[in-house]
């Protein structure tokens, strides 16, 4: 059985690069990773994603001419056993709405690094591993009307406070912004 991580050998059920796609009513299960989008955008809606590692990974976004496209993730049930529910890294532009995200025994509901993400009306939790939202790098995040519950660590972590702690290999502080309104947070 494959492990999560760069040397783990697992593969994504869906791998898109420099693509604009509409994915609707998918069922992804018994796979290491769910969907991986590099320089891609579009929609992933009305789907069920049960993976061992990260369920939905986004890295950068699709650009046509001078227009930057958004990747819309809505109305899904997302349950990674170990990894993150949704990642948005390195210039990704993501709108996540009306999703239910749980599991993540060694991850967070959302992992966001140097991206622009809007998170509205989601149920995040229980998250067994880390955070409901983990935001670092130069990120701009808006989170409204979500329920974040039963997280293993902080429900919302913006920045990286372990940067000077011995034994931690994490990035130093950077400019990250969060608009956080009308959310319910319980632990």
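Residue numbers (my numbering): 55 to 241. Beta carbons: idealized from backbone N, C-alpha and C, even for Gly.
Secondary structure of residue i, DSSP reduced to three states
i: residue 57; result: strand
i: residue 81; result: strand
i: residue 139; result: coil
i: residue 180; result: strand
i: residue 194; result: strand
i: residue 201; result: strand
i: residue 157; result: strand
i: residue 172; result: strand
i: residue 150; result: strand
i: residue 67; result: strand
i: residue 224; result: coil
i: residue 113; result: strand
i: residue 101; result: coil
i: residue 131; result: strand
Sequence-distant residues of the same chain with beta carbon closer than 6 Å to residue i, five excluded per side
i: residue 133; result: 104, 156 and 157
i: residue 199; result: 174, 175 and 236
i: residue 64; result: 56, 86, 87 and 107
i: residue 129; result: 99, 100 and 152
i: residue 81; result: 102
i: residue 111; result: 90 and 141
i: residue 77; result: 98
For residue i, the nearest candidate out of the options (CA to CA)
i: residue 207; options: 218, 173, 239 and 227; result: 239
i: residue 93; options: 232, 125 and 114; result: 114
i: residue 235; options: 226, 202, 125 and 224; result: 202
i: residue 147; options: 168, 163, 154 and 131; result: 168
i: residue 180; options: 126, 109, 205 and 195; result: 205
i: residue 209; options: 226, 224, 188 and 223; result: 188
i: residue 161; options: 136, 111 and 131; result: 136
i: residue 89; options: 116, 149, 141 and 117; result: 141
i: residue 163; options: 220, 75 and 182; result: 182
i: residue 184; options: 68, 171 and 165; result: 165
i: residue 172; options: 197, 76 and 68; result: 197
i: residue 149; options: 159, 131, 170 and 143; result: 170
Cα-Cα separation, residue i to residue j
i: residue 145; j: residue 123; result: 11 Å
i: residue 151; j: residue 83; result: 21 Å
i: residue 229; j: residue 191; result: 7 Å
i: residue 212; j: residue 186; result: 11 Å
i: residue 242; j: residue 119; result: Examination of residue 242 is not possible in this model, given that the chain is present from 55 through 241 alone.
i: residue 79; j: residue 97; result: 11 Å
i: residue 178; j: residue 99; result: 17 Å
i: residue 70; j: residue 125; result: 12 Å
i: residue 59; j: residue 72; result: 23 Å
i: residue 116; j: residue 218; result: 36 Å
i: residue 222; j: residue 95; result: 33 Å
Test: residue i CB closer than 8 Å to a CB of chain C
i: residue 76; result: The chain labelled as chain C is not found in the depicted structure, where only one protein chain is given.
Cut-off 8 Å between Cβ atoms - residues of its own chain near residue i, not counting five sequence neighbours on either side
i: residue 231; result: 193, 194 and 195
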